[in-house]
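Read the structure below first, then the notes.
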Amino acid sequence: TGEASFRARFSLAHGTGNNQINKHWEDAGTIAASGNLDLDLAGGLTDDNGNLITFTALKFLAVYNVSALIATKLIVCNTGTTAFTVPWQQTISKNGVSIWCDFASGEGIVAATGDLIRITNADAVNIASYEVFLAGVTA
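Laid out in structure tokens, this is it:
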């Protein structure tokens, strides 16, 4: 068998229209055993300068499971009463990535009613390690 490769080709300009973004956010960290990380897309994240980020539309989300153990899985979902409106759930194994995107118009974010994404450590014993990248539009 030979090598396989995949290259996604897309171009995003700076701005707030179709196929444009004006803000991104990224983080790497750990989640305690059976713990959760809630990402508040409308005012719960800060940029490198400490300024609050309030996304009005999310266009790209990537979560990478960089945990050391094969048994440690992450679950990315929208959950709870103020969940982000796209209905999906993805389980990510070690070295796996979950990607969601809608570069055209994105998915609208409604503060306090539709703005949370949850990353759960499905391992009841071990700490999980993650990397996350978000891109979208702010007002």
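Read in order, the letters of the sequence shown correspond to residues 422 to 560 in our numbering. All C-beta atoms in this analysis are idealised placements derived from N, C-alpha and C, irrespective of residue type, glycine included.
Quickly, what does DSSP pair residue i with across the bridge? List them, please.
i, result
"residue 444", "557"
"residue 491", "According to DSSP, which records beta bridges pairwise, residue 491 is partnered with nothing at all."
"residue 434", "441"
"residue 534", "In DSSP, residue 534 forms no bridge with anything."
"residue 486", "551"
Does the Cβ of residue i have 16 or more other Cβ atoms within 10 Å, making it buried, or fewer, making it exposed?
i, result
"residue 493", "buried"
"residue 461", "buried"
"residue 491", "exposed"
"residue 486", "buried"
"residue 541", "buried"
"residue 549", "buried"
Express the C-alpha separation of residue j and residue i in angstroms, rounding to a whole number.
i, j, result
"residue 488", "residue 498", "18 angstroms"
"residue 443", "residue 475", "11 angstroms"
"residue 518", "residue 535", "23 angstroms"
"residue 457", "residue 464", "18 angstroms"
"residue 551", "residue 511", "14 angstroms"
"residue 528", "residue 558", "10 angstroms"
"residue 439", "residue 546", "43 angstroms"
"residue 483", "residue 432", "17 angstroms"
"residue 373", "residue 436", "Coverage of the chain is limited to positions 422 through 560, which leaves residue 373 absent and any answer about it impossible."
"residue 530", "residue 538", "11 angstroms"
Please state whether DSSP places residue i in a helix, a strand or coil.
i, result
"residue 550", "strand"
"residue 541", "strand"
"residue 521", "strand"
"residue 527", "coil"
#### Entry: Complete runs of the beta strand (DSSP E) confined to the stretch 450 to 483 [at least 3 residues]
457 to 461, 463 to 467
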